[in-house]
Amino acid sequence: YIQLLGWPFQSFATLPNQVHRKTVKKGFTFTLIVAGESGLGKSTLINSLFLTDLYKDRKVLNAEERISRTVGIIKHTVGIEEKGVKLRLTIIDTPGFGDAVNNTESWRHIDDYIDQQFEQYFRDESGLNRRNIQDNRVHCCLYFISPFGHGLRPLDVDCMRALHEKVNIIPVLAKADSLTPAEVCRKKMKIREEIKQFGINIYQFPECDSDEDEDFKTQEQILKNSIPFAVIGSNVQVESKGRKFRGRVYPWGVVEVENPAHSDFLLLRNMLVRTHMQDLKDVTREIHYENYRAQCIQNMTRMVVLERKRRWSRNS
Ligand code: GDP
Numbered sequence: 004y005i006q007l008l009g010w011p012f013q014s015f016a017t018l019p020n021q022v023h024r025k026t027v028k029k030g031f032t033f034t035l036i037v038a039g040e041s042g043l044g045k046s047t048l049i050n051s052l053f054l055t056d057l058y059k060d061r062k063v064l065n066a067e068e069r070i071s072r073t074v075g076i077i078k079h080t081v082g083i084e085e086k087g088v089k090l091r092l093t094i095i096d097t098p099g100f101g102d103a104v105n106n107t108e109s110w111r112h113i114d115d116y117i118d119q120q121f122e123q124y125f126r127d128e129s130g131l132n133r134r135n136i137q138d139n140r141v142h143c144c145l146y147f148i149s150p151f152g153h154g155l156r157p158l159d160v161d162c163m164r165a166l167h168e169k170v171n172i173i174p175v176l177a178k179a180d181s182l183t184p185a186e187v188c189r190k191k192m193k194i195r196e197e198i199k200q201f202g203i204n205i206y207q208f209p210e211c212d213s214d215e216d217e218d219f220k221t222q223e224q225i226l227k228n229s230i231p232f233a234v235i236g237s238n239v240q241v242e243s244k245g246r247k248f249r250g251r252v253y254p255w256g257v258v259e260v261e262n263p264a265h266s267d268f269l270l271l272r273n274m275l276v277r278t279h280m281q282d283l284k285d286v287t288r289e290i291h292y293e294n295y296r297a298q299c300i301q302n303m304t305r306m307v308v309l310e311r312k313r314r315w316s317r318n319s
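Heads up: the sequence shown begins at 4 in the numbering used here, then just goes up one per residue.
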């Protein structure tokens with residue numbers, strides 16, 4: 004590259020600022036789906052992660068209602084603003100997951116939902132007005148694993164395998180405060196082994212470039228080693244020893260949601276919001292959506308060829 008050091012007018016070095024200003028003006032969108040058995044603390048964690056009460060109108064169903072109900076998808080959207088940057092966050096909830104007698108249906112709803120969003124985007128992209136497409140594609144699936152089982156349950160394996168080609172799966176070990184640190188460690192190892200053994204493709208953190216600084220590389224390694232993130236959620240503020248924090252109070256002590264010694268909550272939040280949101284969107288666009296698009300085009304081409312053959316045989 005030629006170094007344009009002495010240019011008399013302001014040059015294209017301002018391009019990053021121009022791009023930045025334009026994207027900030029437009030605002031950002033991010034869609035997250037939560038999946039896993041009901042009662043594992045999904046809504047509590049989402050509220051804790053985004054410091055909002057997304058579920059204030061939620062009615063918790065009793066056991067009978069949960070079993071008889073066909074599993075439905077609920078969409079919550081919230082606008083968040085931080086230092087002038089706007090984010091439209093959409094949370095797709097799958098309540099009742101794992102409650103029904105036939106649980107295969109639970110993940111089929113998630114599967115269909117993800118496909119429908121891809122389909123809508125594909126239509127909009129091929130349509131006349133491509134300028135104002137609303138991107139509702141699902142960028143990430145937080146998959147909640149029970150802390151009470153011995154690793155993954157068959158339903159977890161089936162669900163993750165059904166979704167892994169369509170969405171970035173991030174597994175989390177729910178209610179980590181019910182486990183000792185040694186148990187958390189053992190469970191994480193077991194779950195990581197099972198993920199490998201069953202061929203589940205979870206979201207892969209991007210490889211670091213060799214010129215990346217050491218701090219960044221260490222942070223990335225910590226993230227990789229923390230999978231599945233052991234999380235704790237709470238909807239209440241606790242006051243203890245003159246400090247206020249989100250936590251859970253027990254007769255024997257207090258658990259702090261944001262304390263790295265107690266859970267991976269901060270790691271997960273930083274990763275989702277600060278460091279990897281764009282990568283999750285890029286992988287969705289470049290890999291999951293591209294797969295969907297290629298499949299669609301292939302099917303359409305096959306149908307055109309079949310139709311042509313049919314017409315040809317009719318006319319001959
Ligand atoms: P969801 O059905 O998966 O959305 O679960 P909820 O968020 O409604 O939580 C179900 C119950 O678990 C509630 O009583 C919560 O207070 C409790 N809970 C939520 N998060 C945690 C956690 O991290 N640890 C523990 N021990 N309990 C939790």
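The beta carbon of each residue, even a glycine, is placed where N, CA and C say it ideally should be. Just so we're clear, the structure is a prediction, and the values are computed from it rather than from any experiment.
Give me the residue from the options with the minimum Cα distance to residue i.
{"i": "Q275", "options": "D216, P254, F208, D214", "result": "The question names Gln, but residue 275 is Leu in the sequence shown. The option with the nearest alpha carbon to L275 is F208."}
{"i": "R91", "options": "R164, V81, L155", "result": "V81"}
{"i": "D159", "options": "F15, I203, Y253", "result": "I203"}
{"i": "F151", "options": "E186, R314, R277, D267", "result": "E186"}
{"i": "A38", "options": "M163, I235, S266", "result": "M163"}
{"i": "K29", "options": "I136, E217, V258", "result": "I136"}
{"i": "L270", "options": "I235, N20, A165", "result": "I235"}
{"i": "A297", "options": "L145, D161, E122, R314", "result": "E122"}
{"i": "D118", "options": "G87, L166, S109", "result": "L166"}
{"i": "A233", "options": "V257, K220, W255, L182", "result": "L182"}
{"i": "D267", "options": "R111, P184, D115, T34", "result": "P184"}
{"i": "T34", "options": "T17, S46, K78", "result": "K78"}
{"i": "E168", "options": "P19, R288, N318, Q240", "result": "R288"}
{"i": "Q240", "options": "V260, S46, Q301", "result": "V260"}
{"i": "L283", "options": "I205, R133, P254, R24", "result": "I205"}
In the DSSP assignment, find the unbroken alpha helix (DSSP H) run with residue i in it and report its ends.
{"i": "E217", "result": "217–229"}
{"i": "D282", "result": "280–286"}
{"i": "Y295", "result": "293–318"}
{"i": "I194", "result": "184–200"}
{"i": "V27", "result": "18–29"}
{"i": "R277", "result": "Element bounds for R277: n/a, residue is neither H nor E."}
{"i": "D138", "result": "Careful: D138 lies outside any alpha helix (DSSP H) and carries neither H nor E."}
Would you tell me roughly how many angstroms separate the C-alpha atoms of residue i and residue j, rounded to the nearest one?
{"i": "R272", "j": "L52", "result": "6 Å"}
{"i": "I76", "j": "C143", "result": "16 Å"}
{"i": "R156", "j": "I94", "result": "24 Å"}
{"i": "V27", "j": "N262", "result": "31 Å"}
{"i": "M280", "j": "R140", "result": "14 Å"}
{"i": "E310", "j": "D285", "result": "36 Å"}
{"i": "G42", "j": "V308", "result": "50 Å"}
{"i": "K191", "j": "C299", "result": "37 Å"}
{"i": "I70", "j": "Y146", "result": "For I70, the predicted structure reports a pLDDT of 45, less than 50, and the residue's modelled location is therefore unreliable. A value from the coordinates is still provided. Their Cα atoms are separated by approximately 21 Å."}
{"i": "A179", "j": "V252", "result": "14 Å"}
{"i": "Y292", "j": "V170", "result": "9 Å"}
{"i": "I371", "j": "V257", "result": "The displayed coordinates of the chain run from 4 to 319. Any statement about residue 371 would go beyond what the structure contains."}
{"i": "T221", "j": "S129", "result": "43 Å"}
What do you get for residue i, buried or exposed, if any count of 16 or more other CB atoms within 10 angstroms of its CB means buried?
{"i": "Q120", "result": "buried"}
{"i": "A177", "result": "buried"}
{"i": "L131", "result": "exposed"}
{"i": "K86", "result": "exposed"}
{"i": "I172", "result": "buried"}
{"i": "S109", "result": "buried"}
{"i": "I290", "result": "exposed"}
Return yes when the Cβ of residue j is within less than 8 Å of the Cβ of residue i, no when it is not.
{"i": "K199", "j": "G154", "result": "no"}
{"i": "S237", "j": "R246", "result": "no"}
{"i": "D138", "j": "T278", "result": "no"}
{"i": "I148", "j": "I36", "result": "no"}
{"i": "L219", "j": "C211", "result": "Per the sequence presented here, residue 219 reads as Phe, with Leu not at that position. Yes, they are a contact pair."}
{"i": "D115", "j": "K45", "result": "no"}
For the beta strand (DSSP E) that residue i lies in, which residues bound it at each end?
{"i": "S213", "result": "Here S213 belongs to no beta strand (DSSP E), and DSSP marks it neither H nor E."}
{"i": "I49", "result": "Element bounds for I49: not the beta strand (DSSP E) but the alpha helix (DSSP H), 45–53."}
Are any of the Cβ atoms in chain B nearer than 8 Å to that of residue i?
{"i": "L270", "result": "Of the protein chains in the structure, only one exists, and it is not chain B."}
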